[in-house]
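Here is the structure we will look at, set down as structure tokens.
Protein chains in written order, with this note's numbering: chain P, 756 to 867; chain Y, 27 to 140.
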């Protein structure tokens with residue numbers, strides 16, 4: 756059974772700092788991995804999608820990496836801003852299944 | 027990407043009643059899913075909504091409690107039946123397209139059962 760773990764559960768940083776969020780998964784037979792952002796009481800916004808054959812994806816100040824063999828992904832946020840404050844969720848799409856398995860998320864607070 | 031509209035965005039309901047949540051997508055999508063997010067928890071897949079046939083439910087979820095319809099490629103409904111306070115959650119509709127498998131989510135429907 757696939758399990759997804761995100762560390763840390765919460766993170767508070769000053770504005771301008773670069774930071775890394777971690778995601779690990781137990782079964783490396785994944786189809787892809789997706790990072791989402793969720794604002795309080797809202798739905799999920801897709802940030803980055805990494806296919807199993809890819810090593811990383813970039814969008815603006817965000818960079819996500821994937822190491823399938825070790826079951827890890829990281830989300831790097833450069834020059835953080837207060838508007839980045841949200842919960843960041845990692846989810847893996849299991850090969851041969853339509854199911855997405857989610858981690859519990861990292862709650863990020865960027866202080867002005 | 028896709029624009030996904032959910033109704034209602036929030037509701038407060040009495041124990042024992044039922045509520046139907048609607049999900050409308052602005053383009054034809056391959057897959058539609060319903061997720062639940064209980065307070066302080068991550069997302070759990072309830073079921074895959076299949077066009078013109080019965081939904082495929084995950085372990086722990088049954089059709090009598092969460093009947094789902096998907097009459098066409100752009101619309102689906104989820105009903106939460108005979109509600110109890112334990113059903114208080116955010117219910118989210120999500121869709122994906124053929125190819126990348128990237129998932130997109132609606133804004134969610136926040137349900138509070140008293």
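Cβ atoms here follow ideal geometry from the backbone N, Cα and C, with glycine treated the same way.
So what's residue 80 (chain Y) in DSSP terms, helix, strand or just coil? Along the second chain, one-based indexing puts residue 80 (chain Y) at 54. Correct three-state label for residue 80 (chain Y): coil.
Neighbourhood of residue 131 (chain Y) by C-beta, 6 angstroms cutoff - its chain only, sequence neighbours within 5 removed: As a first step, residue 131 (chain Y) is located in the second chain; it is residue number 105 there, counting from the start. Closer than 6 angstroms at the Cβ level, and outside the excluded window around residue 131 (chain Y), lie 118 and 120.
Whose C-beta lies closer than 7 angstroms to the C-beta of residue 76 (chain Y) among residues of the same chain, with five residues either side of it excluded? On the second chain, residue 76 (chain Y) is found 50 positions in, with the first residue counted as 1. For residue 76 (chain Y), where only same-chain residues beyond five positions count, the Cβ hits under 7 angstroms are 82 and 96.
What does residue 789 (chain P) reach in chain Y if we use C-beta pairs closer than 7 angstroms? Working through the first chain from its first residue, we reach residue 789 (chain P) at position 34. By Cβ distance, chain Y contributes 128 and 129.
Which same chain residues end up closer than 6 angstroms to residue 72 (chain Y) when comparing Cβ atoms and leaving out the 5 residues on each side of it in sequence? Walking along the second chain from the start, residue 72 (chain Y) turns up at place 46. Cβ neighbours of residue 72 (chain Y) beyond the five flanking positions: 60, 62, 87 and 92.
With distances taken from CA atoms, which of P:846, P:863, P:864 and P:867 is nearest residue 68 (chain Y)? The residue labelled residue 68 (chain Y) in the question sits at position 42 within the second chain. The shortest C-alpha separation from residue 68 (chain Y) is found at P:846.
Contact set for residue 27 (chain Y): own chain, Cβ-Cβ below 7 angstroms, skip 5 residues either direction: Within the second chain, the letter at position 1 stands for residue 27 (chain Y). Cβ within range, chain order: 130.
Where does residue 133 (chain Y) sit, in a helix, a strand or coil, going by DSSP? Counted from its first residue, the second chain places residue 133 (chain Y) at position 107. Residue state, collapsed to three classes: coil.
Where the beta strand (DSSP E) containing residue 822 (chain P) begins and where it ends: Start at 1 with the first residue of the first chain, and residue 822 (chain P) comes out as number 67. Start and end: 817-822.
Positions along the stretch 70-100 of chain Y whose CB lies within less than 7 angstroms of some CB in chain P: 71 and 74
Within-8 angstroms CB hit, residue 825 (chain P) to chain Y: Within the first chain, numbered from 1, the residue matching residue 825 (chain P) stands at position 70. By this cut-off, residue 825 (chain P) is not an interface position.
Cβ of residue 758 (chain P) within 8 angstroms of any chain Y Cβ: As a working note, residue 758 (chain P) is residue 3 in the first chain. No, no contact with chain Y.
Using a 10 Å radius around the Cβ and a threshold of 16 neighbouring Cβ atoms, would you call residue 51 (chain Y) buried or exposed? What you label residue 51 (chain Y) is simply residue 25 of the second chain in a count that begins at 1. Answer is buried; the Cβ neighbour count reaches 16.
What residue range is occupied by the uninterrupted beta strand (DSSP E) comprising residue 764 (chain P)? The residue you call residue 764 (chain P) lines up with position 9 of the first chain. From DSSP, residue 764 (chain P) is part of no beta strand (DSSP E); its letter is neither H nor E.
Residue burial classification, residue 775 (chain P) (beta-carbon count within 10 angstroms, cutoff 16): What you label residue 775 (chain P) is simply residue 20 of the first chain in a count that begins at 1. Label assigned to residue 775 (chain P): exposed.
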